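Here the sequence shown stands for residues 1 to 1153, numbered as in full-length UniProt numbering.
Encoded as structure tokens, the structure appears first; notes follow it.
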Amino acid sequence: PSEEPGKSVKSLWQEAFDALQAAEPERIEKYKDRLALVVGDDTIPPDSPEGLQILSRKGLEQMEEKRKKFTVLIAGGAISLTGFITGTVELIELSKGLINSAVEGVPPANFVWAGICLVLPLLTNPIAAKKANETGFTYVTSQIEFYLALESLILSSTAGYAAQKPLRDSVLELYRLVIDFQIQSVLYFSRPSVSNLARDMVRYDDWEGMLSTIKEQEDEVIKRADKIISAGSYEKLHKVHQESLRTTKTMQSLLKVAEEHLEVAKENLQVMKSIQASLTPDEEKCLRLLRVSDYKFYKDRIKERVQGTCLWCLDNQKYQEWLGSASGVLLVSADPGCGKSVLAKYLVEEGLPESATVCYFFFKDADQNTLKQALCALLHQLFQRMPHLIKHAMGAFRSNGDKLTETTSALWEILINSLSDPGAGPIIFVLDALDECQEQEMKSLADMLEAWFRTSNRRGGAPSNLKFLLTARPYERVTGAIQQLEDYFPTIRIKGENEWKCLGEEINAVIHHRIDELFKGKPPAVQERLRKRMLAIPHRTYLWMHLVFDFLQSHLFKATPKGVDEIIAILPNTVHDAYARILDKCQPDAHVQVRKTLLSVVGAYRPLTVRELQIIFELNSHSESPPEPDLESDEEFKNRIREYCGLFISIHDNKVFLIHQTAKEFLLNSQAVSWLLPFDAVQADISMAETCIAFLNIPGLNEDLDNFHRDFSGPGHMYSRGMSKFHIQEALSQKPFRDYATTFWHQHSREIAEMHNSVRAGYQNLLDCSQPFTQIWLRYGLEVLHSHRFEGNSIVAALLEPDEEIVSLLLGYGLGLNTKSLDGNTPLHYLVRGHRTSARLINLLLDRGADPNSVDRDGRTPLHTEMSTDICALLVDAGSQVNQQDNFGQSPLFYHDSDGIKYLLSRGADPSVVSTSGKTALHYAACDEEVRTLVDAGLKVDATDGSGSTPLHTCLANDACAALLELGGSVHARDKSGRTPLMRFETDFPALKTPPYYQNKAKELLAAGADPNARCHLDSKTPLHYLCTGRSLLEFDDIEECVKSLISAGAHIDAKDGKGNTPLLLLMRRPWQTPDGQLLDKMEYGIQEEIAELLVQAGADIDLPSGEDGRTPRQLLSEAARSCETSPSHKGCVIVHFPVLRSIFGVEDLGDV
1 PSEEPGKSVK SLWQEAFDAL QAAEPERIEK YKDRLALVVG DDTIPPDSPE GLQILSRKGL
61 EQMEEKRKKF TVLIAGGAIS LTGFITGTVE LIELSKGLIN SAVEGVPPAN FVWAGICLVL
121 PLLTNPIAAK KANETGFTYV TSQIEFYLAL ESLILSSTAG YAAQKPLRDS VLELYRLVID
181 FQIQSVLYFS RPSVSNLARD MVRYDDWEGM LSTIKEQEDE VIKRADKIIS AGSYEKLHKV
241 HQESLRTTKT MQSLLKVAEE HLEVAKENLQ VMKSIQASLT PDEEKCLRLL RVSDYKFYKD
301 RIKERVQGTC LWCLDNQKYQ EWLGSASGVL LVSADPGCGK SVLAKYLVEE GLPESATVCY
361 FFFKDADQNT LKQALCALLH QLFQRMPHLI KHAMGAFRSN GDKLTETTSA LWEILINSLS
421 DPGAGPIIFV LDALDECQEQ EMKSLADMLE AWFRTSNRRG GAPSNLKFLL TARPYERVTG
481 AIQQLEDYFP TIRIKGENEW KCLGEEINAV IHHRIDELFK GKPPAVQERL RKRMLAIPHR
541 TYLWMHLVFD FLQSHLFKAT PKGVDEIIAI LPNTVHDAYA RILDKCQPDA HVQVRKTLLS
601 VVGAYRPLTV RELQIIFELN SHSESPPEPD LESDEEFKNR IREYCGLFIS IHDNKVFLIH
661 QTAKEFLLNS QAVSWLLPFD AVQADISMAE TCIAFLNIPG LNEDLDNFHR DFSGPGHMYS
721 RGMSKFHIQE ALSQKPFRDY ATTFWHQHSR EIAEMHNSVR AGYQNLLDCS QPFTQIWLRY
781 GLEVLHSHRF EGNSIVAALL EPDEEIVSLL LGYGLGLNTK SLDGNTPLHY LVRGHRTSAR
841 LINLLLDRGA DPNSVDRDGR TPLHTEMSTD ICALLVDAGS QVNQQDNFGQ SPLFYHDSDG
901 IKYLLSRGAD PSVVSTSGKT ALHYAACDEE VRTLVDAGLK VDATDGSGST PLHTCLANDA
961 CAALLELGGS VHARDKSGRT PLMRFETDFP ALKTPPYYQN KAKELLAAGA DPNARCHLDS
1021 KTPLHYLCTG RSLLEFDDIE ECVKSLISAG AHIDAKDGKG NTPLLLLMRR PWQTPDGQLL
1081 DKMEYGIQEE IAELLVQAGA DIDLPSGEDG RTPRQLLSEA ARSCETSPSH KGCVIVHFPV
1141 LRSIFGVEDL GDV
């Protein structure tokens, strides 16, 4: 017998566990608590079969998630990390086997070994992997099969108890050591890394000593087993031990790869830090400038994903295909409350491949809702992580300065150039809540994406390193705009709104879990009834579930089936129903303050802080001299506001939000809560205006700003004394809410007529220019909004809104009617050129004495601006000179559209005026009607300017070109350089270009008889020569179509110019690098490749020598290749930059030609 006579049967694992528990009860208790936390249900002990099953399932689920992630990485081609990724996938598969072995053991061995379910998923992290090898966790865990086999082999022995006892005691001690080691390991890996760092520094945990003792005990067990158990059993034991050792080596080697990756990551981090440290002052300034919004804040306030959710997207075939592809766009649409933002946050923080640079932007209605903000955020993240790319921003930064962040086209161009950099690597952009982006801005983004992918596709495929993931509600304005990319990415969209079955299953699982968690003390029959009734409610979403469980927690109900039915009967069936129930709970004596609070949160132009909201809450905005609010601590006010507003209000990072975008929609559109009414956007503006105005009129509030007033005592002093808006903002921020009120009070005051009389008095007080604070808000508040330098001109500031009442009041003080800005503009200039031109305000300024003939620094009067005929009439009636010429010799006629031209001609404008370059207004005509009006007025259709160019030479608008031809314009006319209109592929007036610019002009001219083989008198070039040389090809839209048109019309492919160059030779002579040694933009040399392909396909000879130096196109390409490879800024670059050319010319190694 293998047991001692008279003793009850107890497994060796149980004996070892009992011994350890007696010696270290506190450690065992911590271990149980840790496992119980993972199980997540107090009614299920972690060492019960059900608890072990949950531990196993969760461990396997985590491993499976990581396996999917890293498998996709391999498919996506993460070349630099292939060893790490492949090894990680193997480690995951091995770990899954160990988890299964752990929970299949005998109690309490399975309870002890189940702890590895918590640790193994962590080992895909290089830092954890390194520590696992160092501590010995890898070794002990991989021996699990060996340890589990020991007891069964001993029990099968025929030796008596006395003979077995030494071996039995050795195994018992080994088990005790292993159990203790594993429990300490689980506790170690579960602690925060900071805590472990302190323990490691003082060698608190003797891992080396514990592992050494375990190995010594193993040796002793094997020696004793050799003497006691049968040869067959010993051979089996030896075999298991050897297999376990092989597992150890495999696991250690796989983790070693992860360790090596950690070292590489450290090296890369150090490189990045050194690169960032080497940024020039201008580059650092540029990087700071791009941080226009707190994009991280909006991501962090999103709730964490619950494991097992969002699978309606993550398991979707389209998502998997997008994840595995090298490039592409994926739009994930779903109804409100389905977890789109939670999904986006999860993907950004952990769900997407670590080999890619992941940048993000979470749109937020009324705050983060512009394309400029999104582009700035993406560029800021991109340059932070890859500082070497910031070089692509510096040209635009030098050109635009602080205005760069306001120039969408410049930001987009920087982004495209950065992504095209050979050193950019794979990049993923995640844009969440696209439906909360301003509609026109969102359309611009879609158009930019479509244009880029269309152009890239023509150049040989979509960009190989860029992916976009977009989330939005399924609104037509969003999905329709993005759907235009379907030609390039057929699987572009996941329709979450159609995934109700999968989404419903996820929500059902969470409902089960939440009921178990919240109502575990209720009878099982009650829990089951609650489950059944809740699952029967249709159209469930995550947001609805969140609101409903809060409702259930705040309502007592009988713990009987009938009690459940009664509470279910009053349960909100929809999200809007839940919102109404929340407000119904509000006490009547709090209605006024709650309405004011909600109006403020809805109407604010940026998120309010807790302190700012408390000021609004407490302020009596209808008092002519309101006292300063009596404020409590922020924490106390948080509790009070939550009591009043319930779940409507969410507080994150001390800023106040509505719980969800749908809450704002409910408040603005619902008629369900009578005491809230009226409640709309206008009421929100009125409420905020009243509060801001009352606050700014608190006696003594702004006394601390008297020093700043002295810096505004004369024009330009704000800048000449080094005083910037940022200095003032810092001073304003010394008192809570003052910065907001100063910046936005006037913007909120658009409905001034609706305000209380006391508020109107405060409004007029803020317009009193004798008051110091008025000078501050005029220059600071409106400058923040519009970024203009007002030079002390209060009227100019007011006109930027514009607001007739404020202008009238300012004029009453006799302020700055004809004062000029730095650009020489008067208030009348600003008003005429503004986006909200007002005839009444223009009349007001003219009646008060504004000079209609005042000129800016370019010599232009207000009439030198395209405008409506009624505004034009006001200026002319006030004495504006219709023939006054600016510094370029151009009269107002040059600047107006067809209606304006007709009106000015009727008021005496002279059509024969010519500019300093000899051009007439006909050279500027942008459409058919303008051409006909000016020709009817007496202008000659073939009038030439100083360079001999006719309007047909410079015209690019399609219908204008057709009209000129119809009225007799000559396609054979030549300028002083001897060029015909067909040879002029540029314009002096880029603003007049009508897409697709050059292609249409070429077709119109050829159809009218233009000669495709005409030669310039000076250099013998044909139109095809001019297309292949000269200016940047990026300035030509659809230039390939122009080439095709000329070839189809019979253009000679190998015609030689005066120097003996064919069009292909000129194309090959184009520079492949910028003057400072940078490779040309990827898109530009892509165009050169495509034109070369068209010419070769049409018969161009790639070995035809030039009459200039005897070189052939093939040789010129070879020289370009060698030049790029040796470029200092592109050292190591290979000639893969010219893949199409290499194929066209049939050359493998261009450098050897």
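Backbone N, C-alpha and C define an ideal beta-carbon position, used for all residues, glycine too.
Quick caveat: nothing in here was measured; it's all calculated off a predicted structure.
query                                                                                                            : result
Lys1059, DSSP secondary structure in three states                                                                : coil
8 Å contact criterion, which Arg385 and Thr405 should meet: CB distance rounded                                  : Actually they do not touch by this definition, with Cβ atoms about 19 Å apart.
Beta-carbon gap between Thr141 and Leu177 smaller than 8 Å                                                       : no
Counted within 10 angstroms of its Cβ, other Cβ atoms place Asn883 as buried (16 or more) or exposed             : exposed
Supposed close pair Tyr295, Ala410 - CB separation, criterion 8 Å                                                : That pair is no contact at about 19 Å.
DSSP-derived helix/strand/coil call for Lys58                                                                    : helix
Within 8 Å, strictly: CB atoms of Leu696 and Ala741                                                              : yes
For Gly83, three-class secondary structure by DSSP                                                               : Any reading at Gly83 must be qualified, since the residue scores a pLDDT of 37, below 50, and its modelled position is unreliable; the value itself is stated next. Reduced to three states, the DSSP call for Gly83 is helix.
Same chain, Cβ closer than 6 Å to Arg738, five either side skipped, listed in chain order                        : Leu732
Residue of Ile1047, His1025, Ala396 minimising C-alpha distance to Lys1003                                       : Ile1047
Own chain partners of Arg1111 with C-beta closer than 7 Å, once the 5 adjacent residues on each side are dropped : Pro1105
Top-ranked residue by Cα proximity to Asp630, from Ala451, Ile616, Tyr139                                        : Ile616
Presumed contact (8 Å Cβ cut-off) between Lys495 and Ser333, rounded CB distance                                 : 6 Å
Endpoints, the alpha helix (DSSP H) within which His539 is located                                               : Where His539 is concerned, there is no enclosing alpha helix (DSSP H), given that its DSSP letter is neither H nor E.
Three-state secondary structure (DSSP) of Ile582                                                                 : helix
DSSP-derived helix/strand/coil call for Ile659                                                                   : coil
DSSP bridge partner residues for Asp432 (one or two, in chain order)                                             : Phe362
Neighbour-count burial assignment, Val682, 16 or more Cβ in a 10 Å radius                                        : exposed
Three-state secondary structure assigned by DSSP to Gln307                                                       : coil
When Ile568, Lys467, Ala525 are compared against Ile537, the one with the closest alpha-carbon                   : Ile568
Pick from Gly948, Met983, Thr980, Ala943 that is closest to residue 1223, judged by C-alpha positions            : Since the first residue of the chain shown is 1 and the last is 1153, residue 1223 is not available in this structure.
Separation of Asp680 from Leu470, as counted between CA atoms                                                    : 30 Å
C-beta contact flag for Val876 and Arg907 at 8 Å                                                                 : yes
Beta-ladder partner(s) of Ser650, from DSSP                                                                      : Phe657
Secondary structure of Ile401, DSSP reduced to three states                                                      : What sits at residue 401 in the sequence shown is Gly, not Ile. Residue state, collapsed to three classes: helix.
Buried versus exposed, by CB contacts within 10 Å (16 or more), Gln1097                                          : exposed
The stretch 589–607 / the stretch 546–561 touching (three or more Cβ pairs under 8 Å)                            : no
CA-to-CA distance, Leu245 to Asp226, given in whole angstroms                                                    : 19 Å
Beta carbon of Met983 nearer than 8 Å to that of Tyr1026                                                         : yes
Close beta carbons around Glu506, own chain, < 8 Å, minus the five adjacent residues each side                   : Gly308, Thr309, Cys310, Leu311, Trp312
Inside the stretch 835–879 only - alpha helix (DSSP H) runs reaching at least 4 residues                         : 839–847, 869–877
Residue(s) in a DSSP beta bridge with Gly328                                                                     : Lys467
Where Ile901 falls, given that 16 or more other Cβ within 10 Å makes a residue buried                            : buried
Where Leu608 sits in the DSSP three-state scheme                                                                 : strand
Distance between His972 and Leu893 (C-alpha atoms, nearest Å)                                                    : 28 Å
Status (buried if at least 16 other CB within 10 Å, exposed otherwise) for Arg477                                : exposed
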